[in-house]
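Taken in sequence, the protein lines are chains A and B. Count the first sequence with the working numbering and you get residues 3 to 106, in order. Count the second sequence with the working numbering and you get residues 117 to 267, in order. Reviewing the structure listed below.
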Amino acid sequence: MDAVFRALADPSRRRLLDRLQAQNGQSLNELCEQMAMTRQAVTKHLAILEAANLIATVRKGREKEHYLNPVPINDIAERWIGKFERGRLVALADLKRKLEREVK
Amino acid sequence: MSTKFVYVTYIRTTPQKLWDALTKPEFIKQYWFNMTQECDWKVGASWKMLFSDGRIADGGEVLEIDPPRRLVLRWHNEFRPELKAEGDSRCVYDLEQDGDVMKLTITHSSERDNAKLIEAVSGGWPRILSSLKSLLETGKPMPLSHQAPKT
C-alpha cells in the first residue's frame with residue numbers, strides 16, 4: 003500500500019493515469035505526446051506506476067500497451083469505506099460533479 | 117480497434133486455492149455480488165453466471181482451460197438488451213506464481229470499439245478482485261461485495 007501512495011503522490015503520474023482512463027491501452031509513444039517531459043522521464047514514471055500495480059502492461063509486437071489497473075485503489079477505498087456508506091458517497095460524488103458542471 | 121481492460125491483483129495464496137476460488141460455486145458466491153457460476157470446467161462446456169434468484173446474468177463457453185494456470189471464457193450478457201446485442205466478449209484469467217504470492221491477471225476484451233459490455237463490467241472487476249484477495253488472505257470477503265455495483 004505504501005508503494006501505491008508514493009506512486010500517486012506525483013502529479014505527472016496521476017496525469018498518466020488520467021490519460022489511460024481517457025484511453026486505455028496506449029503505447030509509450032502515445033503517452034509521451036502531450037507530456038512536457040522526456041521519454042526517459044515518462045518511462046521512469048510508468049515503471050513506478052507498474053511496480054505499484056497501478057498499471058498493467060501487455061506486450062504487443064515491439065510495443066507495450068499500458069492499462070490502468072484500478073484494483074489497488076479499490077483495495078484502499080474498501081479499507082476505509084464502511085458497509086453502508088458506499089451508496090451515500092456515490093450520491094455525494096454525483097452531486098458534486100453535477101454542481102461543478104453548472105458553475106462552469 | 118477494440119475495447120480491452122486488464123486487471124491485476126497479487127494474492128498471498130497457493131495456485132490451487134486461487135483456482136478453486138475462481139471455479140467453485142460455493143467460493144464464487146462469497147466474493148462475487150452473491151452471484152454464482154455454473155460450468156463443467158472443460159473445453160466447450162457452457163458457462164453461466166447466475167443472480168442469487170436464479171436469473172441468468174451472463175452466458176458463454178469455456179474456450180481454453182489449463183488448471184491452475186489459465187482459463188479463457190467466451191462471455192456475453194443475457195439480461196440487458198443493449199449489452200446482449202453486442203454479442204461475445206473474451207475473458208482470460210492468467211494465474212502466475214510470483215515468489216510466495218499469486219499474480220492474477222484478468223483480461224476482458226471485445227472486438228468492438230467502446231464496447232458497453234466491457235465498460236459495464238469495469239465497475240465490477242476491481243471490487244470482485246479486492247474481495248477475492250480479502251477472502252483468500254483473511255478468510256473474509258469485503259463487506260461491500262454483496263452489493264452489486266450501479267451500472
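Even glycine gets a Cβ: it sits at the ideal position worked out from N, Cα and C. None of these values were measured; they are calculated from a predicted model.
Determine the extent of the beta strand (DSSP E) in which residue i is found, giving its start and end residues.
i      : result
V60/A  : 57 to 62
F315/B : The structure shown does not extend to residue 315/B, since chain B is modelled only from 117 through 267, so no value can be given for it.
F7/A   : From DSSP, F7/A is part of no beta strand (DSSP E) but of the alpha helix (DSSP H) over 4 to 10.
Q42/A  : Unbroken run through Q42/A is the alpha helix (DSSP H), 41 to 53; no beta strand (DSSP E).
E154/B : 152 to 155
F121/B : 119 to 127
E212/B : 205 to 214
K164/B : 162 to 166
How far does the alpha helix (DSSP H) with residue i in it reach, from first residue to last?
i      : result
I144/B : 141 to 147
S14/A  : 13 to 24
N80/A  : Sequence inspection shows Glu at residue 80/A; the Asn mentioned does not correspond to that position. Note, E80/A: alpha helix (DSSP H), 73 to 82.
S238/B : 232 to 238
W241/B : 241 to 254
E32/A  : 30 to 34
Closer than 6 angstroms by C-beta to residue i: which residues in its own chain qualify, once you throw out the five before and the five after it? Chain order, please.
i      : result
I144/B : T152, Q153
T221/B : V124, D210
K266/B : The predicted model places K266/B with a pLDDT of 47, which falls under 50 and marks its position as unreliable; any figure quoted below should be read in that light. Contacts found: none.
Comparing C-alpha positions only, which one of the options sits nearest to residue i?
i      : options                        : result
G203/B : E177/B, Y123/B, K133/B         : E177/B
A5/A   : A43/A, A54/A, D96/A, E65/A     : A54/A
E215/B : V122/B, P131/B, D229/B         : Note that residue 215/B is Gly in the sequence shown, not Glu. Minimum Cα distance to G215/B is reached at P131/B.
R15/A  : M3/A, M39/A, W82/A             : M39/A
I83/A  : Y126/B, L134/B, M258/B, Q213/B : M258/B
A201/B : L233/B, E212/B, I181/B, P183/B : L233/B
L134/B : D229/B, K256/B, P183/B, R190/B : P183/B
Leaving out the 5 sequence neighbours to the left and right, which residues in its chain are closer than 7 angstroms to residue i when beta-carbon positions are compared?
i      : result
F167/B : M151, A173
Roughly how far, in whole angstroms, is the beta-carbon of residue i from the beta-carbon of residue j, given that I think they are within contact range, below 8 angstroms?
i      : j      : result
Y69/A  : L22/A  : 7 angstroms
L245/B : V73/A  : 5 angstroms
V159/B : I181/B : 6 angstroms
Is the CB-CB distance between residue i and residue j below 8 angstroms?
i      : j      : result
K120/B : S225/B : yes
M9/A   : I50/A  : It is Ala, not Met, that sits at residue 9/A in the sequence shown. Yes.
R190/B : R206/B : yes
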